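Undergrad: Below you will find the structure I want to go over with you.
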Amino acid sequence: MGTDLVSRLGTSRTAGSWVDSAGRPVVAVTDEKAADEVERAGARAKMVRHSMSDLKSATATLRSARRVPGTAWALDYKSNEVVVRGDSTVSASDWSRLTDVAEDIGGFVRMERTEGTFTTRVNGAQPILSTAGRCSAGFNVTDGTTDYILTAGHCGPDGSVWFADDRGREQVGSSLKGSFPGDDYSLVKYDSGRAGEGADVVAVGDGKGVRITGVADAEVGQKIFRSGSTSGLREGEVTALNATVNYPEGTVTGLIETNVCAEPGDSGGPMFADGVALGVTSGGSGDCTAGGTTFFQPVTKALTELGVKLIVAKQAGGTGASPAPAASQGAASPGSSAPVTGEDVSGLLTRLTDPRNVGPGLLVIAGSLVALVATRWIRAEQDRKAYRQHYSATWG
Numbered sequence: 001m002g003t004d005l006v007s008r009l010g011t012s013r014t015a016g017s018w019v020d021s022a023g024r025p026v027v028a029v030t031d032e033k034a035a036d037e038v039e040r041a042g043a044r045a046k047m048v049r050h051s052m053s054d055l056k057s058a059t060a061t062l063r064s065a066r067r068v069p070g071t072a073w074a075l076d077y078k079s080n081e082v083v084v085r086g087d088s089t090v091s092a093s094d095w096s097r098l099t100d101v102a103e104d105i106g107g108f109v110r111m112e113r114t115e116g117t118f119t120t121r122v123n124g125a126q127p128i129l130s131t132a133g134r135c136s137a138g139f140n141v142t143d144g145t146t147d148y149i150l151t152a153g154h155c156g157p158d159g160s161v162w163f164a165d166d167r168g169r170e171q172v173g174s175s176l177k178g179s180f181p182g183d184d185y186s187l188v189k190y191d192s193g194r195a196g197e198g199a200d201v202v203a204v205g206d207g208k209g210v211r212i213t214g215v216a217d218a219e220v221g222q223k224i225f226r227s228g229s230t231s232g233l234r235e236g237e238v239t240a241l242n243a244t245v246n247y248p249e250g251t252v253t254g255l256i257e258t259n260v261c262a263e264p265g266d267s268g269g270p271m272f273a274d275g276v277a278l279g280v281t282s283g284g285s286g287d288c289t290a291g292g293t294t295f296f297q298p299v300t301k302a303l304t305e306l307g308v309k310l311i312v313a314k315q316a317g318g319t320g321a322s323p324a325p326a327a328s329q330g331a332a333s334p335g336s337s338a339p340v341t342g343e344d345v346s347g348l349l350t351r352l353t354d355p356r357n358v359g360p361g362l363l364v365i366a367g368s369l370v371a372l373v374a375t376r377w378i379r380a381e382q383d384r385k386a387y388r389q390h391y392s393a394t395w396g
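Residue numbering for the sequence shown follows the UniProt record's numbering, beginning at 1 and increasing consecutively.
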């Protein structure tokens, strides 16, 4: 509802939307008539000073300034500000110069220093490995003829060959049609041409999985879940949209900003809510011990640019789904439960490491977490409790 109202009223009368703690959509507006229309539609209106046009003009000015690696900015709809962050690698002189740019824009640009460094999350974990690094698989997609893995673009250039084992014996496929920097997505084409068994399921440990049923755009305030081969299943919230990150390798724009943690090796892993695909992990700062900020490439844009569709539960087996309307943002569950193989964890691990039995689609999507199942995969007890709580309605 919030995004529809913003679209209807226009960028000069609104400044974004989000979901409050009660699950009600909130729309930032700049005039009383817009506020009345929002309230009549059943959402809550918040009067703000700066419109979306003002906020986007500010980010355009920041982009036109000299690029400073280690910086990032995003639109904070709730505070009606542009938030600029600088990591530990940004020098005092560069930070001072960027601060001058922010001051020239006006008083709605907030400058913040952050610990750690903004990096892409490559290296350090299985399951998909190449000479370019180690990443996590995201979602299975198809062009109607051939199936692919959607993952992060920075994980490897076109032609990178990916394996499911660290000895290079179980080849999965090769990268093609990627975009990084600028965006952060790529396809890994299955050598067999088919994703195989389990193509519509993201494994979440303990022999269980989330069945993917659609794709949508994220909303600020939305509760989300992220999985990755290093840090496992983690929960968090969408804090901003249209984020820009100046990685050392280059600048990426249009990202989803969240407060969920991630670590090296989680790159490319899926972000979802209620079984709806939202993003693939790009990068961020911090870790899952101290916490941090993580950015995601929106799945909807990647699908459009790549000309593919998500393989979803109701159409699994080589067909796909186009982007769907946004899911209910008030809900707080990963999605409907689904067995990964019908076996216990030990049986699952045995099956996934036996090249005679493995289904490639299941290997890669489930593989984004399998390595961590073997090494006490869900590390944070608070995330484990949240995970069980959100699944209780469907798992019993």
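Beta carbons are placed, not taken as given, at the ideal position from N, Cα and C, and that holds for glycine. All of these numbers come straight from a predicted model, not from anything done at the bench.
1. With distance defined between alpha-carbon atoms, name the residue in Val312, Trp95 and Leu187 nearest to Glu197.
2. Measuring only the C-alpha atoms, how far is Gly269 from Phe225?
3. Measuring CA to CA, which of Thr294, Val26, Val308 and Ser175 is closest to Val48?
4. When DSSP builds the beta bridges, which residues end up paired with Ala72?
5. According to DSSP, is Thr3 helix, strand or coil?
6. Run the CB neighbour count on Asp184, radius 10 Å, all protein chains shown included, and call it buried at 16 or more, exposed below.
7. Do three or more CB pairs link the region 172-190 to the region 147-162 at distances below 8 Å?
8. Do you know offhand how far Gly265's Cα is from Cys135's?
9. May I ask you to report which of helix, strand or coil DSSP gives Gln126?
10. If you draw a straight line from the C-alpha of Thr289 to the C-alpha of Thr120, how long is it?
11. Taking all protein chains shown into account, do 16 or more other C-beta atoms lie within 10 angstroms of the C-beta of Lys223, making it buried, or fewer, making it exposed?
12. Kindly indicate which residue of Ala74, Leu306, Asp143 and Gly168 has the alpha-carbon position closest to the one of Phe296.
13. Helix, strand or coil for Arg67, going by three-state DSSP, please let me know.
14. Roughly how many angstroms lie between the CA atoms of Lys56 and Arg13, to the nearest whole one?
15. Once DSSP output is grouped into helix, strand and coil, what is the label at Thr61?
16. For Ser285 and Thr117, which I take to be in contact (beta-carbon distance under 8 Å), what is that distance rounded to the nearest angstrom?
17. Are the beta-carbon atoms of Asp143 and Gly250 separated by less than 8 Å?
18. Please report how far the alpha carbon of Leu310 lies from the alpha carbon of Val215, in whole angstroms.
19. Report yes or no: do the region 37-54 and the region 3-11 share at least 3 C-beta pairs separated by less than 8 Å?
TA: On the basis of the supplied data:
1. The count along the sequence shown starts at 1 and reaches residue 197 at position 197. Nearest C-alpha to Glu197: Val312.
2. Position 269 of the sequence shown, counting from 1, holds the residue named residue 269. Position 225 of the sequence shown, counting from 1, holds the residue named residue 225. Those two C-alpha atoms are separated by around 11 Å.
3. Within the sequence shown, residue 48 is the residue found at index 48, counting from 1. For the residues Thr294, Val26, Val308 and Ser175, the minimum Cα distance to Val48 belongs to Val26.
4. One-based indexing of the sequence shown puts residue 72 at position 72. Partner(s): Arg85 and Val245.
5. In the sequence shown, the residue the question calls residue 3 occupies position 3. The three-state reading of DSSP puts Thr3 in helix, counting H, G and I together.
6. Walking along the sequence shown from the start, residue 184 turns up at place 184. So Asp184 counts as buried.
7. yes
8. Translated into the one-based positions of the sequence shown, residue 265 becomes position 265. Translated into the one-based positions of the sequence shown, residue 135 becomes position 135. So the alpha carbons of these two residues sit roughly 5 Å apart.
9. Translated into positions along the sequence shown, residue 126 becomes position 126. Since pLDDT at Gln126 reaches only 32, below the 50 mark, its modelled position is unreliable, and no value is offered.
10. Residue 289 sits at position 289 when you count from the first residue of the sequence shown. Residue 120 sits at position 120 when you count from the first residue of the sequence shown. Roughly 18 Å between the two C-alpha positions.
11. By one-based count along the sequence shown, residue 223 stands at place 223. Classification of Lys223: buried, given that the 10 Å Cβ count is 16 or more.
12. As a first step, residue 296 is located in the sequence shown; it is residue number 296 there, counting from the start. Comparing Cα-Cα distances from Phe296 to each of Ala74, Leu306, Asp143 and Gly168, the minimum goes to Ala74.
13. Stepping through the sequence shown from its first residue, residue 67 is reached at position 67. Correct three-state label for Arg67: coil.
14. Position 56 of the sequence shown, counted from the first residue, corresponds to residue 56. Position 13 of the sequence shown, counted from the first residue, corresponds to residue 13. Roughly 13 Å between the two C-alpha positions.
15. Position 61 of the sequence shown holds residue 61. Looking at Thr61 - three-state DSSP - the assignment turns out to be helix.
16. Within the sequence shown, the letter at position 285 stands for residue 285. Within the sequence shown, the letter at position 117 stands for residue 117. Confirmed, Cβ separation roughly 6 Å.
17. Locating residue 143 in the sequence shown gives position 143, where the first residue counts as 1. Locating residue 250 in the sequence shown gives position 250, where the first residue counts as 1. Contact flag unset, no.
18. Here residue 310 is taken as the residue at index 310 of the sequence shown, counted from 1. Here residue 215 is taken as the residue at index 215 of the sequence shown, counted from 1. So the alpha carbons of these two residues sit roughly 7 Å apart.
19. yes
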